[in-house]
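These notes concern the structure reproduced below.
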Amino acid sequence: MRTFAELLAEGEAVPVEGWDFSWFDGRATEERPPWGYVRLLAGRLAGAGSVLDVQTGGGEVVREALERARAHPAVLAATESWPPNAALARAALAPWRAEVAQVPDDGPLPFPDGTFDLVSSRHPVLVGWPEIARVLAPGGTYLAQHVGVGTARELTDFMMGPQPVSDVRSPARAVAAAEAAGLRVVDLREATLRMEFSDVAAVVVYLRKVIWIVPGFTVSRYRRRLEALHERIVDSGPFVAHTTRYLIECSRDRGPR
């Protein structure tokens with residue numbers, strides 16, 4: 001059995017750029033939502049002439065959808081705030097001649113009004129509803145999978161002590177904000193999903209990668225709690241937490257004829 005120190009060192013050394021989670025195979029699992037976001041996105045891509053993927057990470061998700069799609073948009077663009085991810089996205093989406101703009105998550109989208117038939121996003125950190133509505137063409141669609149309320153709260157509470165659960169990420173708030181921006185919600189689905197961590201190295205990589213679960217996480221700062229978590233996994237088996245996800249699809253009306 002590997003020691004706590006060995007697992008900790010491994011967790012600190014793993015690169016965390018992009019949204020490729022293949023390193024976790026055999027170390028952690030996360031149940032997937034029943035609606036199949038990539039499959040849905042692939043279907044929408046086939047019928048869209050111009051597409052924007054917001055907060056694309058390393059472009060992995062939209063690339064997979066593009067590889068599945070029967071047809072590809074003539075115009076493809078993406079945004080990403082973190083420079084290492086933006087570089088990965090440019091490489092991943094180069095076969096589709098995508099424009100990848102590096103912009104802050106809370107900043108304006110650098111595109112003219114009414115540019116895109118489809119705006120997509122998987123797990124955006126922030127959702128700029130007015131900007132999404134602005135860049136959508138009349139009749140255009142926003143299709144996204146959002147992180148919901150209380151995701152991985154069991155892990156947050158273990159590391160930080162009991163924390164209040166905010167409703168900022170609730171579907172109800174998203175619907176209200178979308179409608180306030182002039183969009184019409186046409187689909188909304190929610191799911192609570194099981195996740196398991198089989199060793200503490202997987203926890204370290206996850207918390208380094210998904211930075212909002214334990215804000216300000218570093219191994220040195222949380223070493224004692226990580227050691228307690230390691231001992232718990234050794235004694236009792238995988239650490240279990242739950243994620244929440246919701247699919248939201250909105251339409252920008254065409255307006256009066």
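Just so you know, the UniProt record's numbering puts 13 at position 13 of the sequence shown, and the rest follows in order with no gaps. A virtual CB, placed ideally from N, CA and C, is assigned to each residue, including glycine. All of these numbers come straight from a predicted model, not from anything done at the bench.
Hey, Gly148 and Thr29 are a contact pair by Cβ (cut 8 Å); roughly how many whole angstroms apart?
At roughly 19 Å, the Cβ-Cβ gap does not stay under 8 Å, so Gly148 and Thr29 are not in contact.
On the DSSP bridge list, what partners appear for Tyr246?
DSSP output for Tyr246 lists His146, Glu190 as bridge partner(s).
Anyone know if the C-beta pair for Ile132 and Ala181 falls short of 8 Å?
Against a cut-off of 8 Å, the Cβ pair of Ala181 and Ile132 comes out as a contact.
By DSSP, does Glu31 sit in helix, in strand, or in coil?
Judged by DSSP in its simplified three-state form, Glu31 adopts coil rather than helix or strand.
What separation, rounded to the nearest whole angstrom, lies between the Cα atoms of Arg184 and Asp199?
Approximately 44 Å between the Cα atoms of the pair.
Identify, in the order they occur along the chain, each residue of the same chain with its Cβ nearer than 7 Å to the Cβ of Leu88, setting aside the five sequence neighbours on each side.
Spatial neighbours of Leu88 in its own chain (CB-CB distance under 7 Å, excluding positions within 5 residues in sequence) are listed in chain order as Glu17, Gly18, Gly58, Gly59.
With distances taken Cα to Cα, identify the nearest neighbour of Pro95 among Val125, Ala74, Val103.
Ranking the options by Cα distance to Pro95, first place goes to Ala74.
Apart from the five residues just before and just after Asn85, which ones in its own chain have a Cβ nearer than 7 Å to its Cβ?
Counting only residues of its own chain and dropping the five nearest sequence neighbours on each side, Asn85 has a CB closer than 7 Å to the CB of Glu17, Gly18, Gly57, Gly58.
Would you call Ile213 buried or exposed, if buried means 16 or more other Cβ atoms sit within 10 Å of its Cβ?
Burial call: buried.
Taking the beta strand (DSSP E) that Thr79 falls in, what are its first and last residues?
Unbroken beta strand (DSSP E) run through Thr79: 75-80.
Cutting at 6 Å between CB atoms, please list the residues of its own chain near Thr141, excluding the five before and the five after it.
Residues Leu118, Ser251 of the same chain have their beta carbon placed closer than 6 Å to that of Thr141, with the five preceding and five following residues left out of the count.
Excluding the 5 residues preceding and the 5 following residue 258 in the sequence, name in chain order all residues of the same chain whose CB lies nearer than 6 Å to its CB.
The structure shown does not extend to residue 258, since the chain is modelled only from 1 to 257, so the question has no answer here.
So what's Pro138 in DSSP terms, helix, strand or just coil?
Looking at Pro138 - three-state DSSP - the assignment turns out to be strand.
In whole angstroms, what separates the C-alpha of Pro164 from that of Asp157?
Roughly 9 Å between the two C-alpha positions.
For residue 273, which of helix, strand or coil comes out of DSSP?
Any question about residue 273 goes unanswered here, given that the chain covers just 1 to 257.
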